[in-house]
Amino acid sequence: MLMEGFKCPVCSKFVSSDEMDLHLVMCLTKPRITYNEDVLSKDAGECAICLEELQQGDTIARLPCLCIYHKGCIDEWFEVNRSCPEHPSD
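Under UniProt numbering, the first residue of the sequence shown carries the number 1, and numbering increases by one thereafter.
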């Protein structure tokens, strides 16, 4: 038997038809993560969103989980997602 469902317009997860209403309420009311903005004092690896290097002088966002991203990258990510790209939560 095939399960009918929909792709959530908020988080892009596939949700069964009978769970969609509750799922949408949860997605729309879940708070977005806040972050601390900083300027890198030294190179710090790769941004997992754009896959470019995090270089000294870049403006970054440090999330509560301590992951760091280019500020512009995480701002775009948060337009459609509400969790860390590397630590998604339900």
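From the three backbone atoms N, C-alpha and C, an ideal C-beta is built for every residue, glycine too.
- Looking at the backbone, the Cα of isoleucine 74 and that of serine 41 are separated by about 19 angstroms.
- For the set Glu37, Met26, Arg82, the Cα lying nearest the Cα of glycine 72 is the one of Glu37.
- Beta-bridge partners of isoleucine 68 (DSSP): Arg62.
- Counted as a single uninterrupted DSSP element, the beta strand (DSSP E) harbouring valine 39 occupies residues 36–39.
- Residue state for serine 12 is assigned as coil, using DSSP reduced to three classes.
- Here valine 39 is near isoleucine 60, since their CB atoms are less than 9 angstroms apart.
- DSSP links glycine 5 through a beta bridge to Ser16.
- Residue environment: cysteine 65 is assigned as exposed (fewer than 16 neighbouring CB atoms within 10 Å of its CB, all protein chains considered).
- Under the three-state reduction of DSSP output, glutamate 53 falls in the strand class.
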